[in-house]
Amino acid sequence: MGKKYKEAAKLIDRTVSYELAEAVDLTKKSATAKFDETIELAVRLGVDPKKADQQIRGAVVLPHGTGKTQKVLVFAKGEKLKEAEAAGADFAGDSEYITKIQQGWFDFDVIVATPDMMGEVGKLGRVLGPKGLMPNPKTGTVTFDVTKAINDIKAGKVEYRVDKSGNIHVPVGKKSFDNEKLIENITTVMETLVKVKPATAKGVYLKNIAIASTMGPGVKVSAVDFAK
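In structure tokens form, the structure reads like this:
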């Protein structure tokens, strides 16, 4: 741990779960890197990811975006290809981009595909899957409504997916964001996670909530405001 990290960690009591507003303030104060650090939300859920109905996955549009402009690749053809280009896709096409990815090209952040293209895109599963880039209907990235998909992504849509340990990690903005914008983004994600709670999940659902900057220490957040 570096000197700056140790100094920042002194600001935070690791035994305390702070109210969201105070947690955001502490996270920003402890973000001492020279670049505009990303603020990430981490939530441990009381679910069993081994059970199909508890594999929580989806997407949510943050009211204030993530602070990062996402490059969107759309797999489509015909009129849907023209629609994607008109909607502002950074890249749009079919077989030529499949070939490029097979050759190691990854100059994009999100892939959107029309359903009729998934047979071809599926060939890239081994490459895209481990990187979390495979389009999925649950996250709205397999759709014929490519205009809405592109607009949502450009507006700040983020995906969430529970890992094997029951954790979810979501970027919720940048250090440069006003506190209120970060609070609203975090609240939007938390409200979404509460809404998608599986009926079969037993016990405490929101087990642990924390936020942290790219280089800073984690700050625990009280679940009281969200566990209503």
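Letter by letter, the sequence shown follows residues 19 to 246 in this note's numbering. C-beta: ideal position from N, C-alpha, C; glycine also. Note that the structure is predicted; figures quoted are calculated from it, not measured.
* Identify whether Glu55 lies in helix, strand or coil by the three-state DSSP scheme. => Looking up residue 55 in the sequence shown gives position 37. Three-state DSSP puts Glu55 in coil, outside helix and strand.
* Among all the DSSP beta bridges, which residues are the ones paired with Ile186? -> As a position in the sequence shown, residue 186 is number 168, starting the count at 1. Checking the DSSP bridge columns, you'll see Ile186 partnered with Val61.
* Asked: Residue range of the beta strand (DSSP E) that Ser231 falls in?
  -> Within the sequence shown, residue 231 is the residue found at index 213, counting from 1. DSSP places Ser231 inside the beta strand (DSSP E), whose first and last residues are Leu224 to Ser231.
* Taking 8 Å as the cut-off, decide whether the C-beta atoms of Gly83 and Gly174 are in contact. => Within the sequence shown, numbered from 1, the residue matching residue 83 stands at position 65. Within the sequence shown, numbered from 1, the residue matching residue 174 stands at position 156. Yes. Within cutoff.
* Can you tell me the Cβ-Cβ gap for Lys177 and Thr157, rounded? I've got them flagged as a contact below 8 Å. => Looking up residue 177 in the sequence shown gives position 159. Looking up residue 157 in the sequence shown gives position 139. One point to set straight first is that residue 177 is Glu, not Lys, in the sequence displayed. Contact holds; Cβ gap of about 5 Å.
* To do: Could you tell me which residues DSSP puts in a beta bridge with Lys89?
  => By 1-based counting over the sequence shown, the position of residue 89 is 71. Answer by DSSP bridge pairing: none, since Lys89 is not bridged.
* Asked: Can you give the Cα-Cα distance for Gln120 and Val145, rounded to whole angstroms?
  -> Here residue 120 is taken as the residue at index 102 of the sequence shown, counted from 1. Here residue 145 is taken as the residue at index 127 of the sequence shown, counted from 1. Near 8 Å, if we compare the C-alpha coordinates of Val145 and Gln120.
* To do: For the beta strand (DSSP E) containing Gly111, list its first residue and its last residue.
  => Looking up residue 111 in the sequence shown gives position 93. Gly111 -> beta strand (DSSP E) spans Phe109 to Gly111.
* Quick one: residues in its chain with C-beta nearer than 8 Å to the C-beta of Ser194, no 5 flanking neighbours on either side, listed in chain order? => Reading the sequence shown from its first residue, position 176 is the one you call residue 194. Counting only Cβ-Cβ distances below 8 Å, and skipping sequence neighbours, we find Asp54 and Gly85.
* Asked: How is Lys69 classed by DSSP in three states: helix, strand or coil?
  -> As a position in the sequence shown, residue 69 is number 51, starting the count at 1. Under the three-state reduction of DSSP output, Lys69 falls in the coil class, being neither helix nor strand.
* To do: Could you tell me whether the segment 30 to 45 touches the segment 218 to 230, using the rule of 3 or more Cβ pairs below 8 Å?
  => Judged by Cβ distances under 8 Å, the segment 30 to 45 makes contact with the segment 218 to 230, as three or more pairs qualify.
* Asked: Excluding five sequence neighbours on each side, which residues of the same chain lie with their C-beta closer than 6 Å to the C-beta of Val188?
  -> Sequence index remark: in the sequence shown, residue 188 carries index 170 (1-based). For Val188, where only same-chain residues beyond five positions count, the Cβ hits under 6 Å are Leu59, Val176, Tyr178 and Val207.
* Apart from the five residues just before and just after Gly184, which ones in its own chain have a Cβ nearer than 8 Å to its Cβ? -> Within the sequence shown, residue 184 is the residue found at index 166, counting from 1. Correct list, in chain order: Arg62, Leu63, Gly64, Val65, Asp66, Pro67 and Lys225.
* Would you list the one or two residues that DSSP bridges to Lys192? => In the sequence shown, counting from the first residue as 1, residue 192 sits at position 174. As a beta-bridge residue in DSSP terms, Lys192 pairs with Thr56.
* Asked: Is it right to say Lys46 is buried, meaning 16 or more other beta carbons lie within 10 angstroms of its own, or is it exposed?
  -> For the purposes of this step, residue 46 is taken as the residue at position 28 of the sequence shown. Under this definition Lys46 is a buried residue.
* Asked: Comparing alpha-carbon positions, which option in Gln88, Gly191, Ile186 and Ala245 lies nearest Gln72?
  -> As a first step, residue 72 must be located in the sequence shown, where it is residue number 54. For Gln72, the nearest C-alpha among the options comes from Ile186.
* Asked: So what does Val214 bridge to, in DSSP terms?
  -> Within the sequence shown, numbered from 1, the residue matching residue 214 stands at position 196. As far as DSSP is concerned, Val214 takes part in no beta bridge.
* Can you list, in chain order, the residues of its chain whose CB lies under 6 Å from that of Glu37, leaving out five sequence neighbours each side? -> Counted from its first residue, the sequence shown places residue 37 at position 19. Correct list, in chain order: Ser240.
* Considering Arg144, what are the terminal residues of the alpha helix (DSSP H) in which it resides? -> Along the sequence shown, read from residue 1 onward, the residue named residue 144 stands at position 126. Run containing Arg144: Gly143 to Leu146, per the alpha helix (DSSP H) assignment.
* To do: Count the other C-beta atoms from every protein chain shown that fall within 10 angstroms of the C-beta of Thr132, then say buried if there are 16 or more, exposed otherwise.
  => The residue labelled residue 132 in the question sits at position 114 within the sequence shown. Classification of Thr132: buried, given that the 10 Å Cβ count is 16 or more.
* Start and end of the beta strand (DSSP E) containing Ala41? -> Counted from its first residue, the sequence shown places residue 41 at position 23. Looking at the DSSP string, Ala41 is not in any beta strand (DSSP E); the run it does join, the alpha helix (DSSP H), is Leu38 to Lys47.
* Among all the DSSP beta bridges, which residues are the ones paired with Tyr178? -> Numbered from 1 along the sequence shown, position 160 holds the residue referred to as residue 178. BP columns for Tyr178 point to Gly76.
* Indicate the three-state DSSP secondary structure (helix, strand or coil) for Lys220 in the structure shown. => Position 202 of the sequence shown, counted from the first residue, corresponds to residue 220. In the three-state scheme derived from DSSP, where H, G and I count as helix and E and B as strand, Lys220 is classed as coil.
* Evaluate the contact criterion for the segment 207 to 217 versus the segment 87 to 103: three or more CB pairs, one atom per stretch, below 8 Å. => By the criterion of at least three beta-carbon pairs nearer than 8 Å, the segment 207 to 217 is not in contact with the segment 87 to 103.
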